[in-house]
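Participant:
Numbering (our numbering), first residue to last: 295 to 515.
Structure below.
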């Protein structure tokens, strides 16, 4: 029987909210500190959305000898983000190459509504998720969705907040199941959760999964 997107199976998985602010570690939103691929639809470099410093012990389950930094990447100005994408990380996480993209549409955001490339950079910090962020029952599940995008823009580790539990999580290289690492969403409120840009994506959450052995990241919405 397929797992529900909420329930006791997520209990005990306490991840972190990602919010703007200074941390002991170098976690940040935006910028162009990584070697990013060019979007074949837009013709511009893809967006570095968030980047996490894996020296942070709170992220120890992601760290490997070959990975020092964790970049979350996509082009946010076109239909590439709508379908599954696989990226290969190298150089400690500082270099990102496209393995495959399943997009078949050719939609590009109107120029006046496009997010800047690169996104303006600002520091972010991790704070422990609140009890109501963890979808251990149906009430918490609904509350968690209400809070996500209105109080914070990114969840890292812990219980994923799925609309439905994804089925195809095999790494395209080794076929092992990839690990859920993070979700990012748009700024729904009027609080300017990220002060440096009006971070509008359309109504979607972008999920990221990682194969630590192959250094492959999957993104899907």
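Just so it is clear, CB atoms sit at the ideal spot from N, CA and C, and this is done for glycine as well.
(1) Here's a check: name, in chain order, each residue in its chain whose Cβ is nearer than 6 Å to the Cβ of residue 456, leaving out the five neighbours to either side.
(2) When you compare each of 492, 496, 497 and 473 to residue 505 by their alpha carbons, which one comes out closest?
(3) Quick one: using the 10 Å Cβ neighbour count with 16 as the cut-off for buried, is residue 478 buried or exposed?
(4) Three Cβ pairs or more, each shorter than 8 Å: is that satisfied between the stretch 370-389 and the stretch 308-316?
(5) Which complete beta strand (DSSP E) runs does the stretch 364-393 hold, if anything under 3 residues is left out?
(6) Spatial neighbours of residue 438 within its chain, please: C-beta separation below 6 Å, excluding the five flanking residues on both sides.
(7) Please classify residue 507: does DSSP put it in a helix, a strand, or coil?
(8) Which residues in the same chain as residue 347 place their Cβ atom closer than 7 Å to its Cβ, once the five residues preceding and following it in sequence are excluded?
(9) Which word fits residue 433, buried or exposed, when buried means at least 16 other C-beta atoms lie within 10 angstroms of its C-beta?
(10) Does DSSP put residue 307 in a helix, in a strand, or in coil?
(11) Does the stretch 328-342 touch the stretch 384-403, meaning 3 or more C-beta pairs lie closer than 8 Å?
(12) What is the residue span of the beta strand (DSSP E) that residue 422 lies within?
Facilitator: Looking at the atomic coordinates:
(1) 299
(2) 473
(3) buried
(4) no
(5) 379-384
(6) Within the same chain, residue 438 has close Cβ partners 427, 429 and 455.
(7) Coil, per DSSP.
(8) Counting only Cβ-Cβ distances below 7 Å, and skipping sequence neighbours, we find 319, 320, 321 and 363.
(9) exposed
(10) coil
(11) yes
(12) 416-422
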